[in-house]
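Using this note's numbering, read the sequence shown as starting at 5 and increasing by one per residue. Beneath this line is the structure, given in structure tokens, with notes to follow.
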Amino acid sequence: MATFKDFRNNIKPNWCPGCGDFSIQAAIQRAAANVGLEPEDLAVISGIGCSGRISGYINAYGLHGIHGRALPIAQGVKLANRELTVIASGGDGDGFAIGMGHTVHAIRRNLDITYIVMDNQIYGLTKGQTSPRSAEGFKTKSTPEGSIETTLSPLEIALSAGATFVAQSFSSDLKQLTALIEQGIAHKGFSFINVFSPCVTFNKVNTYDWFKENIVNLAEFPEYDPTSRIGAMTKIMETGGLLTGLIYQNKERKSYEDMIVGFKEEALSSQSLDISREAFDKL
Ligand code: SF4
Ligand code: MG
């Protein structure tokens, strides 16, 4: 049986020392081992940005895609081989700016994949511009007078789009993050996990200390019921979107694959398809 070390490869990440993305990588590797996967059972599909490098740092199938397109590729991978566990991963710019159209439709489509957003509230790879997740008043090279746009709330959007699994964590809380990824993989449907992942080089506002002071852990509310959609929306709004833990889960709704008659029986990848020219001509 594989351990988290089996999900390591010999490529040294070139993230800045202290970047939150290191812990997210470690959490994915631990979660994959904890749920009993072997490296050949897992595909990690990423977009563009510092976060996008993650697919190259995990010993599994992987594809470093194009900007904002991690989810279309991940969904294609899952449809082609439904025996794979598929994790899509990208940053807040990747998923909530250029990729937002894909994000909401992937959420409501509810294919059985896990989407982990490495949310640092800035564009890191391009050296620090305002992202959809940056706070109002946030000063960067692209907003020298401070951002005048409203901050996007991914948790509210996910719930509104019909998400069946919504969670949020903090890269420093490896235990919580690993457990949530395990739950996300186990969930039969689209699992949306937003992770605060500080950019130590360009975001001098949303630092590790800032998150430690402002995060509200749902573990502090033992009466909280993650099966209530309206309760989840209320809690998100009450905490300014800064809550962590399992926020919402709907186990009743079937995944996309499970709703198509006959679709589940055999993955395309294991069918002996005749891909000869003659076979195409007969179609
Ligand atoms: Fe991480 Fe920021 Fe460095 Fe990118 S620029 S690797 S997000 S710390
Ligand atoms: Mg970012």
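C-beta atoms are modelled at their ideal positions from N, C-alpha and C, and glycine is treated no differently.
In this structure, G56 has its CB at a distance of at least 7 Å from all heavy atoms of the ligand SF4. In this structure, D116 sits away from G188, with a CB-CB distance that is not shorter than 8 Å. The straight-line gap separating the alpha-carbon atoms of A223 and T155 is approximately 26 Å. Relative to I49, the option among Q133, C23, E153 and I32 whose CA is nearest is I32. For R12, the three-state secondary structure derived from DSSP is strand. Taking the Cβ atoms as the reference, Y260 lies roughly 5 Å from N114, within the contact range of under 8 Å.
Here S232 is exposed. Its C-beta has fewer than 16 other C-beta atoms within 10 Å.
Bridge pairing for T89: L46 [DSSP].
Residue nearest to R137 within the set T118, Y119 and I161 is I161 (criterion: CA-CA distance).
Where F26 is concerned, the enclosing alpha helix (DSSP H) starts and stops at D25 to N38. Shortest gap from the CB of I52 to any heavy atom of the ligand MG: 7 Å or more.
Using a 10 angstroms sphere on the CB of M122, the tally of other CB atoms reaches 16 or more, which defines it as buried. Q253: not part of any alpha helix (DSSP H); member of the beta strand (DSSP E) spanning L247 to Q253, first to last residue.
Rounded to the nearest angstrom, the Cβ distance from Q172 to L159 is 6 Å, consistent with a contact under 8 Å. One Cα belongs to A236, the other to R112, and the distance between them is close to 17 Å. Note on the segment 192-239: whole beta strand (DSSP E) runs with a minimum of 3 residues are 195-200, in chain order. Rounded to the nearest whole angstrom, the C-alpha separation of Y127 and G99 is 12 Å.
Distances taken from the Cβ of G99 to the heavy atoms of the ligand SF4 include none shorter than 7 Å. Here the distance from the Cβ of D25 to the nearest heavy atom of the ligand MG is not below 7 Å. Judged by the Cβ position, G95 qualifies as a neighbour of the ligand MG at the 7 Å threshold, a heavy atom of the ligand being closer than this. Going by C-alpha positions, T130 is about 13 Å away from N124. In this structure, the beta-carbon distance from S59 to L46 does not fall below 8 Å. Bounds of the alpha helix (DSSP H) holding G80 are A74 to A84.
Of the residues C203, I240 and R281, the one whose Cα lies closest to the Cα of W19 is C203.
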